[in-house]
Amino acid sequence: MELELRHLTVSLNGREILHSIDCRVKNGCFLSLLGPSGCGKSTLLKTIAGILPQTAGEVWLGGACADDLPPHKRGAVIVFQDVRLFPHLTAEENVSFPMKMQGIGQQERRAKASALLERVQLSGMEQRRPHQLSGGQQQRVALARALAAQPNLLLLDEPFSGLDEELRLQIQKLVRRLHDETGCTTLLVTHDKAEANALSDRIIRMEDGRLCPVSV
Amino acid sequence: MRRKQSRFSRLILAAAAATILFPLALIALWSVSSVWEWPGVLPGGFSLRGYETVFADYQQMPRLLLFSAELSLAVAALSTLVGLMTARAIALYRFPGRKLLLFGTMLPILVPSTVFGMGAHVLLIRAGLAGTLRGVILMQTVCALPYTVNILTDLTSSVGDGLEEQAQVLGCPPWRAFWAVSLPELLPGILSAMSMAYIISYSQYFLTLLIGGGRVRTLSTVMVPFLTGGDRTVAATYAVTFLFSVLAMYLVFEGLIRLMARGKGSEPWNWN
Amino acid sequence: MLRPLQRRKIRRRLAPYLLALPALALLGLFAAGLVSGLMQSFGYIPAFGLTRFTLDYYRGVFADAQLAASVKLSLWISVSSTLISVVLGTLLCTALVRLRKVRGFTLQTVRLPIQVPHTVVALFTLCLFSQSGLLSRILAQAGLLTSQNQFPNLVFGSSGSGILLAYVWKETPFVAYFVLALMQSVSQHLDEAAATLGASPLHTFFSVTLPLSMPAILRAGLMIFAFSFGAYELPFLLGATSPKALPVQAYIEYIDPDLRHRPYAMALNGIILLLTLLLAAAFFLVTEHTAKKLGGDGHAT
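Protein chains in written order, with the numbering used here: chain A, 1 to 216; chain X, 1001 to 1272; chain V, 2001 to 2301.
(1) Hey, quick one: how far does the beta strand (DSSP E) through isoleucine 21/A stretch, first residue to last?
(2) Quick one: Cα of phenylalanine 2129/V to Cα of alanine 1089/X, how far?
(3) Taking only beta carbons into account, state which residues of the region 2031 to 2055 of chain V come closer than 7 Å to chain X, listed in chain order.
(4) Could you pull the start and end residues of the alpha helix (DSSP H) that glycine 57/A belongs to?
(5) Does any C-beta atom of chain A lie closer than 7 Å to the C-beta of arginine 2003/V?
(6) For chain A, is any of its Cβ atoms less than 7 Å away from the one on glutamate 1165/X?
(7) Leaving out five residues before and five after serine 1047/X in sequence, what residues of the same chain have Cβ atoms less than 8 Å from its Cβ?
(8) Any Cβ of chain A within less than 7 Å of the Cβ of glycine 1230/X?
(9) Would proline 2215/V and proline 2173/V be called neighbours here (beta carbons separated by less than 7 Å)?
(10) What I want to know is whether the C-beta of arginine 145/A ends up closer than 6 Å to one or more non-hydrogen atoms of the ligand SAM.
(11) Pick helix, strand or coil for arginine 140/A, following the three-state DSSP scheme.
(12) Do arginine 2137/V and proline 1039/X have their C-beta atoms closer together than 7 Å?
(13) Kindly confirm or deny that the region 1011 to 1030 of chain X and the region 2110 to 2126 of chain V touch, where touching means at least three C-beta pairs closer than 8 Å.
(14) By alpha-carbon positions, which one of Leu1026/X, Leu1129/X and Thr1148/X ends up nearest to methionine 1196/X?
(15) Would you mind stating whether methionine 1118/X and tyrosine 2044/V have Cβ atoms separated by less than 7 Å?
(16) What residues in its chain sit with their C-beta under 7 Å from that of isoleucine 1151/X, if we drop five residues either side in the sequence?
(17) With a threshold of 7 Å between beta carbons, is valine 2168/V in contact with chain X?
(18) According to DSSP, is histidine 7/A helix, strand or coil?
(19) Threonine 1114/X touches chain V at which residues, Cβ-Cβ below 8 Å?
(20) Just how far apart, CA to CA, sit alanine 149/A and leucine 34/A?
(21) For the putative contact between alanine 2220/V and glycine 2089/V, defined by C-beta atoms under 8 Å, what is the C-beta separation to the nearest angstrom?
(22) Of all the CB atoms in chain X, is at least one closer than 7 Å to the CB of valine 2120/V?
(23) Using a beta-carbon distance cut-off of less than 7 Å, what residues from the region 1171 to 1187 of chain X approach chain A?
(24) Which of the three DSSP states, helix, strand or coil, is assigned to arginine 202/A?
(25) Going by DSSP, what residue range makes up the beta strand (DSSP E) through threonine 217/A?
(26) Nearest by alpha-carbon distance to arginine 2008/V: which of Ile48/A, Asp22/A, Thr9/A and Leu52/A is it?
(27) Identify every residue that forms a DSSP beta bridge with aspartate 164/A.
(28) What residues of chain X sit near glutamine 102/A, judged by a beta carbon separation below 8 Å?
(29) Using a Cβ cut-off of 8 Å, pull out every chain A residue sitting near arginine 2008/V, in sequence order please.
(30) Note down, in chain order, each residue of its chain lying with its Cβ closer than 6 Å to the Cβ of leucine 1133/X, except the 5 sequence neighbours on either side.
(31) Are the beta-carbon atoms of leucine 1064/X and leucine 1183/X separated by less than 7 Å?
(32) Here's a check: name, in chain order, each residue in its chain whose Cβ is nearer than 7 Å to the Cβ of histidine 2299/V, leaving out the five neighbours to either side.
(33) In chain order, what are the residue ranges of uninterrupted alpha helix (DSSP H) at least 4 long that sit wholly in the region 27 to 100 of chain A?
(34) For arginine 140/A, is the classification buried or exposed, using 16 other Cβ atoms within 10 angstroms of its Cβ as the cut-off for buried?
(35) To be precise: take each residue of the region 1092 to 1124 of chain X, compare its Cβ to all Cβ atoms of chain A, and keep it if any distance is under 8 Å. Which residues remain?
(36) What is the C-beta distance between alanine 1144/X and serine 1079/X, in whole angstroms, given that I count them as a contact (C-beta under 8 Å)?
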């Protein structure tokens, strides 16, 4: 789904974090948002997803204004930096969660969850609980879960931080592969230039709540 | 040096444990003594007459215990519910008056319930709540509130709303998100808060006496006259009965908490 | 008609207030109770036809030697029991922290007094320290006493020692438990650092652990002081005929069939209220000061 931001301004606790952001992302594009910590990248993702209401400006998804849609109706799924798997659910139940919201029956959910876990190379881990999974495995469950939601827009908030070099490369490849398979518009937030270069179709730099003119 | 230190600490702990357990053991002993006159250091004889006396009327005691438990459970449930909502406001939102609310909820711990009770009594009389169960529950809930807010605020703060945010972007409406992903995390703490509020309510004497006006009889109010009465065996029996009934409920709560923590890998909140 | 986005923003703003509503209602009742008591203490009791504000009743309290003695007794009991409990409680807490792996049994034992009501504490204080109590009996067996009356009147005596001991039993574990989380965290983070800098364990305790745990210790102290000053059960069950502790005296005046005593009851409550409000103010100041020094709310114990 196409994403468009029009003069998006967001303030938190009286401080303006994002200053009149304008941006257009084509459907199916893999965009990296590159910037130092604290420049407002996460805030931007939350606003796009609808968790954080903007102070001014508009978010357009798929050619329609998304502002009136609450987060659970927008289809913009965030994979957070701190993974946020539901601790009381197994891996399979985590992945099934969005499908449960969609009203899909239990049998079908299980089958689809297993398939998704296989896609992220976690077959056999269905009954494990989050605390029984390694960091890398948790990330992959989170990705599978995001895909289960059949997102219009996939937002990844520095999902590879805290992983060692080898794992990082593995999951990066996975993310790119999933993008190519699903064709889902993906927004990756990162502070690693090499990573952005390796994965994305397009890079936008961000500094102090503003987007820098596109250089790539 | 380390060993000498821990020996000293062990001594302190042993002394503390002895000081805590000995008086309770003494009461337990007294409750099963038939007669224990001065200057005997051990009971003159053993019998269950204390228990026979206390439980003599088979209708009264079990009914009294049940009633006291129900009252305290009601207070626990109410104060925990209010505490949970208040904790959420304090922990997850920034708003003018937040500090005031936080400090305000602490007041009933610092300002004694005697002052509160005697002052509010006339208001309750006017509202027709004096001498009623509802009135007692209401007043005790006010007294238990600071404890539940305290326990739940720290907990809500650490659980945060991150999981709810995640659930929402995955298609889950806000209320359902709280219920489905935050509540399970909060459950052990909720049970802890309830346990604490239960104990506070169950141990209440003055407020129940004042507000209940003799019409609301709990184990606490019934047993006090016996405690200073002449028959120490009966007094001890009442005390032991009380302690057992509190302990029983506490163990129920603890059991539930451990049940929740099982299979999650998270630390059971057993120090609360 | 507002757009959903605006409605959501308004709901967000209102959310905390709506959530706080039940607590505010309960606190409103609390405040109303205090205000009602205060008004009555100033002589404003319309139901009795008294509508003039006056300080007479307060003056009456201090003019009456017996009532003044009550104030002194309550202060004495509270100050001493608080000081002793804070020292012993901190010591107990230190022991718990030092022995990093404390067996569950010990922990549960230290927690036990929380579940024992003051009324039961009164009972075993009698069993131990009254003239017919265990201590007296032991001394008799040792040949030091020949009759009960020779044993000092600890419990029902005018010194209030029985009440004091009872409070210490109940409050020492409370202090230990209240301070535990903070002291554990301080110890965990800083003990090793201090040791590598050459500090002996004792030195570390007094110059690092104790000062940093002080906020929790102070707050625990303020809480138990306020509690012991205004609580009814222990002084009622273990107190002398005279002087009675403030809350007990207040209640006696309150239920006096001669309603002219009512404002005196409220005046006694007013004195308790004033002192505990001062303690509350100190409590909040300590909390705020800690928050500023260490960041965060400072409300986490």
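Ideal Cβ placement from N, Cα and C applies to all residues, glycine included.
The relevant details are as follows:
(1) 15 to 25
(2) Within the model, the alpha-carbon separation for phenylalanine 2129/V versus alanine 1089/X is close to 48 Å.
(3) Ala2032, Gly2033, Leu2034, Ser2036 and Gly2037
(4) First-last for glycine 57/A: 56 to 61, but that is the beta strand (DSSP E), not the alpha helix (DSSP H).
(5) yes
(6) yes
(7) Val1032, Ser1033 and Ser1034
(8) no
(9) Going by beta carbons, proline 2215/V and proline 2173/V fall outside the 7 Å limit.
(10) The ligand SAM is absent from the structure shown, which contains no ligand whatsoever.
(11) helix
(12) yes
(13) yes
(14) The shortest Cα separation from methionine 1196/X among Leu1026/X, Leu1129/X and Thr1148/X belongs to Thr1148/X.
(15) no
(16) Gly1189, Ser1192, Ala1193, Met1196 and Asn1272
(17) So no, valine 2168/V is outside the interface.
(18) Histidine 7/A: strand per DSSP, three-state reduction.
(19) Gly2230, Ala2231, Tyr2232, Pro2247, Ala2250, Tyr2251, Asn2269 and Ile2272
(20) 26 Å
(21) 7 Å
(22) yes
(23) Gly1171, Cys1172, Pro1173, Val1181, Pro1184 and Glu1185
(24) strand
(25) Because residue 217/A is not part of the residues shown, which for chain A are 1 to 216, the question remains open.
(26) Leu52/A
(27) Paired residue(s): none; aspartate 164/A is not in a bridge.
(28) By Cβ distance, chain X contributes Gly1171.
(29) Under a criterion of Cβ atoms nearer than 8 Å, the residues of chain A adjacent to arginine 2008/V are, in order, Pro53 and Pro70.
(30) The answer, listed in chain order, is Val1216.
(31) no
(32) Unreliable positioning characterises histidine 2299/V in this predicted model, as indicated by a pLDDT of 42, which lies under 50. The coordinate reading is nonetheless provided below. Cβ within range, chain order: Thr2287.
(33) 41 to 49 and 71 to 74
(34) Burial call: buried.
(35) Arg1094
(36) 4 Å
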